[in-house]
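First residue of the sequence shown: 67, per this note's numbering; consecutive thereafter. First comes the structure, then the notes that go with it.
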Amino acid sequence: MIDRLNASLNVMQQSLNLRAERQEVLSANIANADTPGYKARDFDFKSELDRVVNQGRAEGQSGLSLSMTSSRHIPAQANGSVGGIDMLYRNPTQPSLDGNTVDMDMERVNFADNAVHYQADVQFLTSRLQGLKNAMQRES
């Protein structure tokens with residue numbers, strides 16, 4: 067019983083984590099809408115959730131780390147992945163002259179859709195935990 071509960075809550079936790087990471091990626095796309103040469107990034111939420119739930123996520127996994135040639139360098143990550151997620155480039159519907167592939171309309175829609183799904187996941191998790199709490203309380 068506890069194993070099934072743990073597995074169910076783990077799926078919700080991973081879903082919330084991936085939604086938060088996707089929100090950061092979409093925010094970066096929006097923030098760089100006017101940056102010449104910037105390539106919009108995203109990832110397939112469903113396939114990443116399936117991968118994370120089935121394979122698990124290694125402890126401390128945070129993408130590619132860059133080499134430091136001096137102790138005074140600041141540690142950083144490469145852009146190849148975020149939190150172990152393989153990032154994909156977006157194919158622009160209408161390329162711009164400066165090489166930027168951010169489509170603000172698409173980014174806004176994806177940002178709003180992801181925010182709504184995140185809120186729905188939080189509501190679902192809250193109601194599930196409330197139901198468990200009610201089931202564990204004594205009846206008077």
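Glycine included, C-beta positions come from ideal geometry on N, C-alpha and C.
Have a look at residue i and residue j and give me their C-alpha separation to the nearest angstrom.
i: Lys199; j: Gln80; result: 22 angstroms
i: Ser133; j: Asp110; result: 28 angstroms
i: His183; j: Asn83; result: 12 angstroms
i: Gln189; j: Pro141; result: 36 angstroms
i: Gly165; j: Gln185; result: 34 angstroms
i: His139; j: Ser193; result: 46 angstroms
i: Ser137; j: Glu90; result: 29 angstroms
i: Arg204; j: Arg156; result: 53 angstroms
So, are the CB atoms of residue i and residue j less than 8 angstroms apart?
i: Arg70; j: Asp187; result: no
i: Ser107; j: Leu154; result: For the record, residue 107 in the displayed sequence is Arg; it is not Ser. Yes.
Based on Cα-Cα distance, which residue from the options lies nearest to residue i?
i: Val168; options: His139, Tyr104, Ile68; result: Tyr104
i: Ala73; options: Ala99, Asp179, Val119; result: Val119
Mark residue i as exposed unless 16 or more other C-beta atoms lie within 10 angstroms of its C-beta, in which case mark it buried.
i: Leu23; result: Residue 23 lies beyond the range of the chain shown here (67 to 206); nothing can be said about it.
Cutting at 7 angstroms between CB atoms, please list the residues of its own chain near residue i, excluding the five before and the five after it.
i: Pro158; result: Thr167, Asp169
i: Thr101; result: Asn166
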